[in-house]
Structure formats: C-alpha cells, structure tokens
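Here is the structure we will look at, set down as structure tokens.
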Amino acid sequence: MARDAVQIITIGGASVGDHDLVGAIAQQEGMERAFYKITMRPGKPLMAGRMGSATMIGLPGNPVSAMVCGHIFVLPVIRKMLGLGAAPAPRHIAKLSAAIPANGPREHYMRARISDKGVTVFEKQDSALLTVLADANCLAVRPINDGPRQAGDDIEIIKM
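Mapped onto the numbering used here, the consecutive letters of the sequence shown carry residue numbers 60 to 219.
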C-alpha cells in the first residue's frame with residue numbers, strides 16, 4: 060500500500076462485478092468511505108474517502124467516465140492540496156446551437172463542443188465512445204429530470 064501517499068487514485072474495480080475488487084480491498088485496508096455511487100452520468104460507480112492520512116478517489120473503469128469524474132472531482136481536490144483554494148470546476152453559461160431532448164434521473168455531463176455558433180451537444184453520448192470525448196472541448200451539464208432544450212436556450216458548461 061502507498062503508506063506515505065497524500066492522495067490515492069484508482070481507476071476501475073470500484074463497481075459490483077466479479078473483477079471489481081478495489082472497494083472491498085480498500086475497506087479491508089482501512090478506507091473510511093465518504094461516499095460510493097453517485098447520481099451522475101457518466102460516472103455512477105465513483106467512490107471517495109480517506110485511507111490513513113491520504114484522500115482516496117476510486118474512479119470508474121470506463122475511460123470516458125474516469126475522465127469526466129477526474130475533471131469534476133479529482134482536479135478540485137488537487138487544487139485544494141496545492142493551496143489554490145477549494146473550488147469546483149468553474150461553470151459558464153452558453154447558448155445551445157441545436158435542440159436536445161429531456162434528461163433522465165441522473166445529472167448528465169454531456170460531451171459537447173463550444174464555438175462562436177454556441178454549444179453543440181454530441182448526439183451520441185455513450186461513455187465508451189472515446190472519439191466523442193476527444194472531439195469535445197466542454198461538458199454541457201444537464202440537471203436531473205431537465206426538460207427538453209431548444210436552440211438558443213442557455214445551458215451550463217464546464218470547459219475542458
């Protein structure tokens with residue numbers, strides 16, 4: 060174990076499948092879990108807590124989920140540890156360039172692209188699509204059960 064670590068970050072193994080062993084082993088090693096699983100898309104199987112004096116964040120195994128959760132959860136922790144203050148990823152308001160359908164029961168961080176024409180949310184949001192993540196330069200944030208949005212509507216974004 061990383062006995063002198065100030066932060067431990069794992070990727071994958073935090074969910075409930077046969078090969079997801081990180082959560083159980085971390086608890087055996089003394090992790091005090093702050094939370095496990097969140098109502099966020101992508102990234103539901105996220106865990107966080109403390110192991111000794113280190114903070115521990117268990118990112119989802121899906122690469123897109125890990126990148127989004129890293130941006131939303133890990134970067135603010137690193138900022139705080141570096142003495143840059145405790146602050147979440149800054150959100151901005153932008154105009155949608157095209158209509159998008161209603162959102163479901165989890166906050167959704169949708170891969171999108173912002174340009175001088177507004178925010179274009181990519182049609183395909185499957186968290187296995189690395190090309191969509193690579194083409195994105197922002198995340199469009201959809202609240203839980205958010206209704207459909209029209210072109211020209213305001214939407215919160217997080218620049219990447």
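Glycine included, C-beta positions come from ideal geometry on N, C-alpha and C.
Predicted model only: the values in this text are computed from it and were never measured.
Environment of residue i [buried if 16+ CB atoms lie within 10 Å]
i: residue 105; result: buried
i: residue 192; result: buried
i: residue 201; result: buried
i: residue 131; result: buried
i: residue 155; result: buried
i: residue 110; result: buried
i: residue 90; result: buried
Residue i versus residue j - alpha carbon distance
i: residue 136; j: residue 145; result: 7 Å
i: residue 83; j: residue 117; result: 12 Å
i: residue 86; j: residue 66; result: 16 Å
i: residue 162; j: residue 174; result: 23 Å
i: residue 88; j: residue 94; result: 17 Å
i: residue 213; j: residue 206; result: 13 Å
i: residue 177; j: residue 215; result: 12 Å
i: residue 92; j: residue 68; result: 14 Å
i: residue 127; j: residue 134; result: 10 Å
Residues that DSSP places opposite residue i in a beta bridge
i: residue 128; result: BP columns for residue 128 are empty, so no partner.
i: residue 117; result: 69 and 106
i: residue 82; result: DSSP, once it has assigned bridges, lists no residue as partnering residue 82.
Proximity winner among the options, relative to residue i (alpha-carbon distances)
i: residue 198; options: 142, 168, 108 and 66; result: 168
i: residue 210; options: 90, 100, 186 and 160; result: 160
i: residue 62; options: 134, 186 and 115; result: 115
i: residue 218; options: 170, 208, 190 and 157; result: 170
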